[in-house]
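Have a look at the structure below before the remarks.
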Amino acid sequence: MSLAVAVVGGLHADARRAAVDRLLADVPGSVVLHHDLATAAAGTVVRTVRDRGGVLSSGGTPLVNDCACCALREDLVPELRRLAADGATRLAVVELWDSVEPRAMAEVIASGGLTVTSVITAVDPALVLPYLGNGDDLAEAGLAAAATDQRTIADTFARQLEYAPVLAVADSPEADDEDRELLAQLHPTARQVPIGHGSLPGTPPPLPPSNGVAPASDPAAARAPEPRAPEAPEVPEGQQPPGPLARAALAGFDVEAAAAAQHPACARLPAEADGHGVSTLVWHRRRPFHPERLYAALEDLTCAAARSRGRFWLADKPDALLHWDAAGGALCVESAGPWLAALPDAAWELVPPVRRAAAALDWHPEHGDCCNHLVFTSPGLDRDGLVHLLETCLLTDAEYAAGRDAWKRLTPAFDTLLEI
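Using the numbering used here, read the sequence shown as starting at 263 and increasing by one per residue.
Next up, the structure:
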């Protein structure tokens, strides 16, 4: 019997533990592996292995090179291999510590020759907005995964939420329709499953299996296939079918497709939406931003929505694909390499097929794949004001007509942010 490995994470610790306990109860022969990084600042990690009957083993392991992922790679992967070789464990649930991000761990586990069958983020809907709005450093909250960890609560939670194809949703009495709508709009392609055996209030039925086509609002995302693998372990004969969360944990997961779905060039960004006081604005323009005007507007744009992300281009750096990632009142701008339009034809063969397909579907006769594609999601979103502000940051007709050589002579404003 092959070992299925499900990764369960999330900063909402109570929801995460409830999801893990549900999997232990619903999947016979399952065990949970958890590495507690609360003592990471002191250079140690505590590993616990348990099943539904209680703790099977517990012990400390050193934090390798002040790197949580390194420590987990050195300790977690061998333990999973041991469980796989033993043959007695049907499902290994890797419960990530609070601020550990699932993408890194899923890739570590898969690179170790093991089968990741699901990545699940556990969520309390009532806590989504408070966490997205929390710009505190993880270190200040005692949640840093290492002494050098400089992430914030908001950006960490956003990545945990958006990477996982499955959201295990807690039954939260404090959550209202606005909270659930915000969760749905932030990650509309996710499969939401209740942690218990009931149904989720106010949520539509699950979507049918994806054929890899994303919402029409984001042409580039249409190439990022749904991160699911074709095979999953079957229910042993004579046993009751598992609950919805257990089925999701065994459904299958494609690590490479999941990574492609997060790349700025072909990310599966949310579509336009409006409901229960929550809105998602999709803003797509071909004309580049004026660097100084955009820089002057950054604070207002960053604070305009609980969450915003996407890709954009600056007139003074027309060949650079730039990544926009904002949460908690803070913005991260990074270069994601060149636009495909800036590459020679021979270099296209070195680009992943999903990226080439993304460019082809959203290709402009003059600018190729260069564009601004930004998505803003928030309760109380001022759509008209936001669109107006964004439009004023674009090149004017006269500036645009001057051409690329003139654009490149514009005063740079983002060199510090981009560390150029």
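Even for Gly, the Cβ is constructed at its ideal location relative to N, Cα and C. Computed from a prediction, not measured in an experiment: that's the story for all the values here.
Check each candidate in the options and name the one with the smallest Cα separation from residue i.
| i | options | result |
| --- | --- | --- |
| residue 375 | 343, 362, 404 and 406 | 343 |
| residue 268 | 440, 278, 381 and 301 | 381 |
| residue 418 | 655, 606 and 594 | 594 |
| residue 361 | 405, 283 and 318 | 405 |
| residue 370 | 517, 662, 584 and 652 | 517 |
| residue 661 | 646, 577, 645 and 630 | 577 |
| residue 523 | 294, 425 and 630 | 425 |
| residue 397 | 389, 413, 383 and 390 | 413 |
| residue 554 | 274, 346 and 679 | 679 |
| residue 591 | 301, 393, 288 and 270 | 393 |
| residue 429 | 658, 442, 535 and 647 | 442 |
| residue 329 | 366, 320, 296 and 311 | 366 |
| residue 528 | 353, 623 and 541 | 623 |
| residue 350 | 327, 295 and 291 | 291 |
| residue 434 | 423, 621 and 458 | 458 |
| residue 530 | 603, 579, 658 and 620 | 620 |
| residue 655 | 603, 347 and 561 | 561 |
| residue 537 | 642, 437, 596 and 617 | 642 |
| residue 368 | 401, 422 and 347 | 422 |
| residue 581 | 598, 401 and 604 | 604 |
| residue 383 | 359, 399 and 401 | 359 |
| residue 303 | 264, 347, 322 and 401 | 401 |
| residue 347 | 673, 321 and 264 | 264 |
Can you give me the C-alpha to C-alpha distance between residue i and residue j, rounded to a whole angstrom?
| i | j | result |
| --- | --- | --- |
| residue 272 | residue 385 | 7 Å |
| residue 563 | residue 332 | 36 Å |
| residue 488 | residue 519 | Note that residue 488 scores 45 on pLDDT, short of 50, meaning its location in the model is unreliable and no value can be drawn from it. |
| residue 483 | residue 379 | With a pLDDT of 45 at residue 483, under the threshold of 50, the predicted position of this residue should be treated as unreliable, and no value is reported. |
| residue 583 | residue 606 | 16 Å |
| residue 525 | residue 357 | 25 Å |
| residue 556 | residue 589 | 18 Å |
| residue 324 | residue 305 | 6 Å |
| residue 492 | residue 559 | A caution first: residue 492 carries a pLDDT of 35, below 50, which makes its placement in the model unreliable, though a value can still be read off. Roughly 46 Å between the two C-alpha positions. |
| residue 282 | residue 575 | 42 Å |
| residue 644 | residue 552 | 22 Å |
| residue 509 | residue 279 | 18 Å |
| residue 301 | residue 390 | 26 Å |
| residue 446 | residue 615 | 29 Å |
| residue 452 | residue 427 | 5 Å |
| residue 307 | residue 341 | 15 Å |
| residue 315 | residue 286 | 9 Å |
| residue 543 | residue 632 | 20 Å |
| residue 466 | residue 450 | The predicted position of residue 466 is uncertain, since its pLDDT is 42 and thus under 50; no value can be drawn from it. |
| residue 671 | residue 372 | 46 Å |
| residue 535 | residue 336 | 43 Å |
| residue 567 | residue 420 | 13 Å |
| residue 313 | residue 600 | 48 Å |
| residue 319 | residue 395 | 38 Å |
| residue 275 | residue 415 | 13 Å |
| residue 596 | residue 647 | 26 Å |
| residue 284 | residue 541 | 33 Å |
| residue 677 | residue 579 | 10 Å |
| residue 657 | residue 667 | 14 Å |
| residue 327 | residue 664 | 51 Å |
| residue 411 | residue 377 | 29 Å |
Can you name the start and end residues of the alpha helix (DSSP H) that residue i belongs to?
| i | result |
| --- | --- |
| residue 371 | 364–373 |
| residue 669 | 666–669 |
| residue 323 | Here residue 323 belongs to no alpha helix (DSSP H); instead the beta strand (DSSP E) covers 316–324. |
| residue 446 | 439–448 |
| residue 422 | 415–425 |
| residue 553 | 553–565 |
| residue 204 | The structure shown does not extend to residue 204, since the chain is modelled only from 263 through 682, so no value can be given for it. |
| residue 596 | Taken as a continuous stretch (DSSP letters only), residue 596 belongs to no alpha helix (DSSP H), being part of the beta strand (DSSP E) at 592–600. |
| residue 617 | 615–623 |
| residue 509 | 506–511 |
Checking 8 Å against the spacing of the C-beta atoms, do residue i and residue j come in under that value?
| i | j | result |
| --- | --- | --- |
| residue 512 | residue 277 | no |
| residue 506 | residue 455 | yes |
| residue 345 | residue 293 | yes |
| residue 548 | residue 629 | yes |
| residue 539 | residue 440 | yes |
| residue 431 | residue 355 | no |
| residue 550 | residue 625 | no |
| residue 289 | residue 352 | yes |
| residue 532 | residue 448 | yes |
| residue 250 | residue 652 | This structure cannot settle anything about residue 250, because the visible part of the chain is limited to 263 through 682. |
| residue 334 | residue 297 | yes |
| residue 299 | residue 403 | no |
Along the beta strand (DSSP E) that carries residue i, what are the first and last residues, could you check?
| i | result |
| --- | --- |
| residue 524 | Residue 524 -> no beta strand (DSSP E), and no H or E assigned at all. |
| residue 279 | Counting along the chain, residue 279 falls outside any beta strand (DSSP E), though it belongs to the alpha helix (DSSP H) covering 275–288. |
| residue 357 | 353–357 |
* To do: Determine, using beta-carbon pairs with one atom in the segment 564–573 and one in the segment 635–652, whether at least three such pairs fall under 8 Å.
  => yes
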